[in-house]
Amino acid sequence: MIGFVLFFAWLGFGGDYVWSLQGHHPFPWVGIVLTIVAILVAWYAYKTGPEKVLWATGARELITPQDDGERQLANVVDEMAIAAGVPRPRVWIVPDDDPNAFATGHDPRDSHIAVTRGLLKICNRDELQAVIGHELGHVKNLDVRLMTTLAALVGAVLLVREGMGRTMMYGGRVPMRSGGSGGSGGGGRRSKDAGPLLAILLALWVISWIIAPIITQLLVLAVSRRREYLADAMGAQFTRNPLALAGALEKIEGAAAPTTAIKRGVAHLCIVDPLGRRFTNREGWLADRLATHPPMSQRISRLKQMGYVELKKEGGSFTSSGRG
Amino acid sequence: MWVLLIVAVIAVGWMIGAYNGLISLKNQTVNAFKQIDVQLKRRHDLIPNLVNAVKGAMDFERSTLEAVIQARNQAVKVNASGPEAMKQISQAENALSGALSRMLVTVERYPQLKATGNIGQLQEELSSTENRIAFARQLYNDTATQYNTRQQQFPTTLVAGLAHAAPTDLWEIEDQAERVVPQVDLSRR
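Here's what the structure looks like:
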C-alpha cells in the first residue's frame with residue numbers, strides 16, 4: 261500500500277518538477293493531488309472488494325448444511341481452518357457446473373471461500389480438502405489484500421496517465437512523443453543549468469509514464485503466479501498430502517470449461533483460470549509473462565515432486581508417468 | 177559519534193523486534209495446545225450421541241458399547257496440568273480412540289443401521305472430529321517447531337533469555353503399540 265502511494269508521489273512530484281522547469285508556479289499541487297487520489301483509490305478498493313466479488317458471482321452462503329455434500333464441505337472447511345491456524349472463513353457456493361474455487365477477504369478474521377457446484381461433484385473428500393487448503397493458504401498469506409491493491413494500482417496508473425497526458429498537452433511545450441530524444445527535453449525551457457543529466461532524467465520520467473501501465477500489469481501478473489505456487493505449497497503443508505491437491509488439479513483441468521459465473525476481475529483469485537484462456541496452459545516465455553496462473557502441468561509436477569519425495573522416504577514406489 | 181548512536185538505535189530496535197517475535201510465538205504455541213483440548217472436548221460430547229443412536233440395534237454388542245462409554249468418562253476426568261499433562265491426556269485419549277474404532281468396526285456388521293441416515297451423519301461427524309484432533313495436533317507441532325527454531329537461531333538466542341523462552345515439547349506417540357498399522361479383517365460374517 262505504501263509503495264503504491266509512494267509510486268504515485270514520485271510520478272506526481274516529477275510532474276511538478278517538469279512544470280517548474282517550464283516556469284509555472286512552483287507549488288507542487290500536482291504531486292499532492294495525485295497522492296490524494298492514490299490514497300482514495302487504495303482505500304476504496306480495499307473496503308469494497310470482497311463483497312462485490314461475491315455478489316458478482318451469484319454465490320449463496322452456506323449457513324446450515326442441507327445435505328451430505330454440504331455437510332462434508334462445512335466439516336472440511338472447519339478442519340482446514342484448524343490446520344491453518346486461521347479463524348473459520350465464511351463459506352459460499354457458486355451455482356456453476358465447472359469446478360473452481362476462490363477466496364476473498366482482506367483479513368483472516370473476515371475471509372470468504374467460495375466453491376462451485378461442479379467442484380463439489382467431482383472431488384472426493386481428500387481432494388476437496390486440498391483445494392480448500394490452497395484457498396486458505398491465500399487467505400493466510402493476505403494474498404487478496406495484495407492483489408486488490410495491485411489491481412487498483414494498475415487501474416489508477418491508467419487513469420492518471422490519461423490525466424497527465426492531457427495536462428501536458430495543454431502545457432503545450434512537451435508533447436508525449438518527444439520522450440525518446442536525448443537532448444533537450446522540451447522546447448521553451450529556459451533553465452540555466454540544463455545539463456544532460458537533467459534531460460536524461462526527464463526522458464526517463466516520460467518513458468516510464470508511457471510504459472508504466474504495461475510494466476505494472478506485468479509485475480502484477482508475475483506476483484500473481486508466484487503467489488499461486490506459494491498457495492499450492494501451503495495447501496500441501498496444511499493437509500500433508502500434496503498428491504491430493506495434484507489429483508484435484510488434474511480433475512479440474514480435465515473438466516475445464518470456462519466458469520461463466522466468475523468474471524474477469526476475479527480471475528486471479530481462483531484456483532484455476534476461470535476464463536479458460538488458452539495461453540495459461542501453454543508454456544514458453546510470452547505465455548509465462550501474460551498468465552495469471554502458472555501452467556497447470558508445472559503446478560501438478562511440483563506437487564507430485566513433493567509427494568514422491570514423501571513416498572521415497574517411506575520406501576514406497578511410484579508407478580505412473582515418471583517424475584512429472 | 178553519530179555512527180555509534182545510529183548503530184545503538186538499530187540494535188535496540190532489533191532487540192525489541194526479536195523479543196516481541198518470541199513472545200508472539202510463545203503465545204501462539206500455548207493457543208495451539210489449547211486448541212487440541214477444544215477438539216478433544218468436542219469428541220467427548222459427540223460420543224454419547226453416537227452410542228445412543230446405535231444402542232437399539234446392537235443389543236448383542238453391549239460390552240463394546242460399554243467400553244466406549246467408560247473410556248470416554250475416563251478421558252473427561254483427566255484434568256492434568258504441568259509437564260505430565262500431555263502424557264496423561266494422550267494415554268486417556270488413545271484409549272478412547274481404540275475403543276471407538278472397535279465400536280465403529282462392529283457397526284459395520286449391521287447393514288440395517290447404515291440404512292438409517294442418522295448413522296451416516298454421525299459417522300461423518302466422528303471422522304471429521306478425528307481429523308480435527310489430528311489437525312490441531314499438527315498445528316501445535318508446527319507452531320512449537322517454529323518457536324523452538326526461532327529461539328535457537330543465532331541472533332535471537334541472545335534475546336531468548338530475556339524473553340524467558342524455553343523449548344517446548346512436541347506432541348508425539350508415547351505408546352509404541354500405537355505405531356503398528358491396524359489390521360482390518362473383513363473376512364468374518
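In order, the protein sequence lines correspond to chains A and B. Our numbering puts the first residue of the first sequence at 261, with every later residue one more than the last. Our numbering puts the first residue of the second sequence at 177, with every later residue one more than the last. Glycine included, C-beta positions come from ideal geometry on N, C-alpha and C.
Check                                                                                                                                                                           : Outcome
In the DSSP output, what is A:Thr376 paired with across the bridge?                                                                                                             : A:Val354
Taking the alpha carbon of A:Ile474 as the reference point, which residue from A:Ala361, A:Leu490, A:Val414 has its own alpha carbon closest?                                   : A:Val414
Could you tell me the alpha carbon to alpha carbon distance between A:Ile470 and A:Pro355, rounded to whole angstroms?                                                          : 42 Å
A:Gln326 touches chain D at which residues, Cβ-Cβ below 7 Å?                                                                                                                    : Absence of chain D from the displayed structure is noted, the protein chains being A and B.
For a contact meaning CB atoms closer than 9 Å, what does A:Gly345 contact in chain B?                                                                                          : Gln204, Asn207, Ala208, Gln211, Leu315, Asp318, Thr319
Answer with yes or no whether the minimum CB distance from B:Glu284 to chain A is below 8 Å.                                                                                    : no
Alpha carbons only, please: which of B:Ile245, B:Ser239, B:Gln264, B:Gln215 is nearest the one belonging to A:Asn335?                                                           : B:Gln215
Cβ closer than 7 Å: which chain A residues qualify as neighbours of B:Asn307?                                                                                                   : Glu339
Of all the options A:Asn360, A:Ile373, A:Lys312, which has the alpha carbon lying nearest to the alpha carbon of A:Ile323?                                                      : A:Ile373
Go ahead and pull the three-state DSSP assignment for B:Glu284.                                                                                                                 : coil
Is the shortest distance between the beta-carbon of B:Glu348 and the beta-carbons of chain A less than 8 Å?                                                                     : no
Pair every Cβ in the stretch 385-399 of chain A with every Cβ in the stretch 350-370 of chain A, then say whether three or more of these pairs are closer than 8 Å.             : yes
Where does A:Ala361 fall in DSSP's three states?                                                                                                                                : strand
Enumerate in chain order the residues of its own chain whose CB-to-CB distance from A:Gln332 is below 7 Å, with the five nearest sequence positions on each side excluded.      : Arg385
Would you kindly work out how many angstroms separate the C-alpha atoms of B:Thr332 and B:Thr319, rounded to a whole number?                                                    : 17 Å
If you check the beta carbons only, do A:Leu380 and A:Gly345 fall under 8 Å apart?                                                                                              : no
Please report the residue range of the alpha helix (DSSP H) in which B:Asp345 lies.                                                                                             : Taken as a continuous stretch (DSSP letters only), B:Asp345 belongs to no alpha helix (DSSP H), as it is neither H nor E.
Does the separation of the CB atoms of B:Arg218 and B:Thr305 fall below 8 Å?                                                                                                    : yes
Please state whether the Cβ-Cβ distance between B:Ala229 and B:Ile295 is less than 8 Å.                                                                                         : yes
To be precise: take each residue of the stretch 455-487 of chain A, compare its Cβ to all Cβ atoms of chain B, and keep it if any distance is under 8 Å. Which residues remain? : none
Report the CB separation of B:Leu198 from B:Ala339 in whole angstroms; it is logged as a contact under 8 Å.                                                                     : 4 Å
Take A:Arg320 and list the residues in its own chain whose beta-carbon comes closer than 6 Å to its own, dropping the five residues that flank it on each side.                 : Ile353
Let me check understanding here. Comparing Cα to Cα, which of A:Asn501, A:Leu418, A:His553 lies closest to A:Leu481?                                                            : A:His553
Alpha carbons only, please: which of B:Thr344, B:Ala187, B:Gln314, B:Arg313 is nearest the one belonging to B:Arg326?                                                           : B:Thr344
Say whether chain A places a C-beta atom closer than 8 Å to the C-beta of B:Arg300.                                                                                             : With the sequence shown as reference, residue 300 of chain B is identified as Glu, and Arg is not the correct amino acid for it. Cβ-Cβ to chain A under 8 Å: yes for B:Glu300.
Apart from the five residues on each side of it in sequence, which residues of its chain come closer than 7 Å, Cβ to Cβ, to A:Leu410?                                           : Val480, Val483
Under a Cβ-count criterion, where at least 16 other Cβ atoms within 10 Å of its own Cβ denotes burial, should A:Asp338 be classed as buried or exposed?                         : buried
Check whether the stretch 556-566 of chain A and the stretch 504-511 of chain A touch, using three or more Cβ-Cβ pairs below 8 Å as the test.                                   : yes
Which class does A:Lys320 belong to by DSSP, given the choice of helix, strand or coil?                                                                                         : According to the sequence displayed, residue 320 of chain A carries Arg and not Lys. The answer is strand: DSSP assigns A:Arg320 an E or B state.
May I ask you to list the residues that DSSP assigns as paired with A:Cys530?                                                                                                   : A:Phe362
Which class does A:Gly514 belong to by DSSP, given the choice of helix, strand or coil?                                                                                         : helix
Between the C-alpha atoms of B:Ile223 and A:Tyr568, what's the straight-line distance to the nearest angstrom?                                                                  : 38 Å
Use the C-beta contact count for B:Ser342: other C-beta atoms within 10 angstroms, 16 or more gives buried, fewer gives exposed.                                                : First, the residue type needs correcting, since residue 342 of chain B is Ala and not Ser in the sequence shown. So B:Ala342 ends up on the exposed side.
Return the chain-ordered list of same chain residues with a C-beta closer than 6 Å to the C-beta of A:Glu488, the five sequence neighbours on each side being excluded.         : His553, Pro554
Determine the DSSP secondary structure at B:Asn270, reduced to helix, strand or coil.                                                                                           : helix
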